[in-house]
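What follows is a single structure, written as structure tokens, with notes after it.
Residue numbers (the UniProt record's numbering): 1 to 207.
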């Protein structure tokens, strides 16, 4: 009970076909304690300036007004299975469950029920009624759109795969070109590449 703080009550009126929505805060108050004692165990102490002693307050304090004004009884009293947040709510003791309305108050009407999110078949509509022929025509058109959408999706996936393969091929070609250039640079140069032809003849003549 300590983990449940709020609740929502929904009531459906068959005559008006309206839904009443109410939002409540759940409060627990110990049972069997006078109003004066309840006020003493609250975080904010009551004004006791009119009383001479604490006993006078306890005896006469029960006549003071209380904001809740809700009558407790068997209909809302429970035995706590564990200690609950709040003063006086001890395990295995009686506490009264009280509901405090926090809003918002809503009165709703069901207008439309549709499959999916804004693109499915209309299962119910409070104001628009369609014949069987219109329903079948809409269903056929929706099926046609679905097939076309799936076809375009497949084409897009195929295009993505083709582009990925093309990028991979271009990457391989680029890497192979770099390897070929590096291999050419590592090849040893012969004598004809090191000396011009004219110089070689001159050296041979001098010899």
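Even for Gly, the Cβ is constructed at its ideal location relative to N, Cα and C.
Residue burial annotation: residue 57 is buried, with at least 16 other C-beta atoms found within 10 angstroms of its C-beta. Residue environment: residue 30 is assigned as buried (16 or more neighbouring CB atoms within 10 Å of its CB, all protein chains considered). For residue 97, the CB contacts under 8 Å within the same chain, skipping 5 residues up- and downstream, are 26, 27, 28, 76, 77 and 78 in chain order. Going by DSSP, residue 115 is part of no beta strand (DSSP E) at all; its letter is neither H nor E. With fewer than 16 other Cβ atoms from the protein chains shown falling within 10 Å of its own Cβ, residue 3 counts as exposed. For the options 127, 55, 107 and 136, the alpha carbon positioned closest to that of residue 121 is the one of 136. Residue environment for residue 39: buried (at least 16 other C-beta atoms within 10 angstroms of its C-beta). Contact between the stretch 48-57 and the stretch 125-135 is absent, with fewer than three C-beta pairs closer than 8 Å.
Between residue 24 and residue 101, the beta carbon gap of about 6 Å places them in contact (Cβ cut-off 8 Å). In this structure, 95 is the residue among 51, 95 and 84 with its C-alpha nearest to the C-alpha of residue 74.
Between residue 107 and residue 15 a beta carbon distance of about 14 Å is seen, past the 8 Å cut, so the two are scored as non-contacting.
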